[in-house]
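Residue numbers (my numbering): 18 to 149.
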Amino acid sequence: MKQLLLLLAAVALISCKGEEKKESLYPADTTQDEGAAPKLTPQQQLGQEIFDGKGNCYTCHKPQQKAIGPAIREIGKIYKEKKGDMVTFLKGNGEPIVDPAQYAVMKTNFYITKTFTDEELKAVEAYIYSIE
Ligand code: HEC
Numbered sequence: 018m019k020q021l022l023l024l025l026a027a028v029a030l031i032s033c034k035g036e037e038k039k040e041s042l043y044p045a046d047t048t049q050d051e052g053a054a055p056k057l058t059p060q061q062q063l064g065q066e067i068f069d070g071k072g073n074c075y076t077c078h079k080p081q082q083k084a085i086g087p088a089i090r091e092i093g094k095i096y097k098e099k100k101g102d103m104v105t106f107l108k109g110n111g112e113p114i115v116d117p118a119q120y121a122v123m124k125t126n127f128y129i130t131k132t133f134t135d136e137e138l139k140a141v142e143a144y145i146y147s148i149e
């Protein structure tokens with residue numbers, strides 16, 4: 018069972034990698050045609066670039082579906098509902114409010130997010146909130 022899970026995780030990671038390039042322009046809505054770019058503010062766009070780029074968040078977080086991590090939409094929804102402070106969380110100074118049982122997996126990313134400036138963290142937050 019454990020091996021099967023590992024295998025699934027590996028397959029998920031590999032297939033995500035392949036999609037990254039193609040989808041990175043349109044992750045908010047994969048049903049959108051090419052050319053119909055979503056209307057993101059410059060801040061949300063910066064957040065998306067970081068999320069899909071140097072943050073590598075996209076490997077675990079898909080816009081609408083749970084992957085290794087919760088869907089981006091789900092994170093945004095819960096943070097809005099609970100008035101969470103995502104910037105503080107991503108600096109490693111907060112408590113998980115979405116899926117505390119899986120916190121150990123998310124924690125491994127703080128070494129990356131701690132290198133982000135406040136502006137970059139706020140952009141990532143804005144991007145997450147833009148996905149509904
Ligand atoms: C290795 C997989 C993985 C990567 C890469 C990853 N995450 Fe996560 N993330 C998770 C998992 C699993 C959870 C659920 C645990 C939790 O809620 O803390 C999570 C939860 C979160 C949460 C909700 C935290 C909460 O309050 O519960 C946020 C916000 C988040 N991730 C943002 C990011 C951002 C931004 C990046 C990129 C810098 C990123 N994640 C990269 C796996 C990942």
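A virtual CB, placed ideally from N, CA and C, is assigned to each residue, including glycine.
Keep in mind the model is a prediction, meaning the values are calculated, not measured.
So does residue i have its beta carbon nearer than 7 angstroms to some heavy atom of ligand 1?
| i | result |
| --- | --- |
| residue 92 | yes |
| residue 72 | yes |
| residue 129 | yes |
| residue 81 | no |
| residue 86 | yes |
| residue 120 | yes |
| residue 132 | no |
| residue 107 | yes |
| residue 126 | yes |
| residue 59 | no |
| residue 148 | no |
I'd like to check one pair, residue j with residue i: are the Cβ atoms closer than 8 angstroms?
| i | j | result |
| --- | --- | --- |
| residue 87 | residue 116 | yes |
| residue 103 | residue 129 | no |
| residue 114 | residue 101 | yes |
| residue 131 | residue 99 | no |
| residue 89 | residue 78 | yes |
Return the Cβ separation of residue i and residue j in integer angstroms, given the expectation that the two are a contact with Cβ distance under 8 angstroms.
| i | j | result |
| --- | --- | --- |
| residue 64 | residue 142 | 7 angstroms |
Going by DSSP in three states, residue i sits in which element: helix, strand or coil?
| i | result |
| --- | --- |
| residue 115 | coil |
| residue 76 | helix |
| residue 100 | coil |
| residue 142 | helix |
| residue 38 | Its pLDDT being 49, under 50, residue 38 is placed unreliably by the model, and nothing is read from it. |
| residue 65 | helix |
| residue 108 | coil |
From which residue to which residue does the alpha helix (DSSP H) around residue i run?
| i | result |
| --- | --- |
| residue 88 | Unbroken run through residue 88: none, as it is neither H nor E. |
| residue 57 | From DSSP, residue 57 is part of no alpha helix (DSSP H); its letter is neither H nor E. |
| residue 131 | Looking at the DSSP string, residue 131 is not in any alpha helix (DSSP H), and its letter there is neither H nor E. |
| residue 124 | 120-124 |
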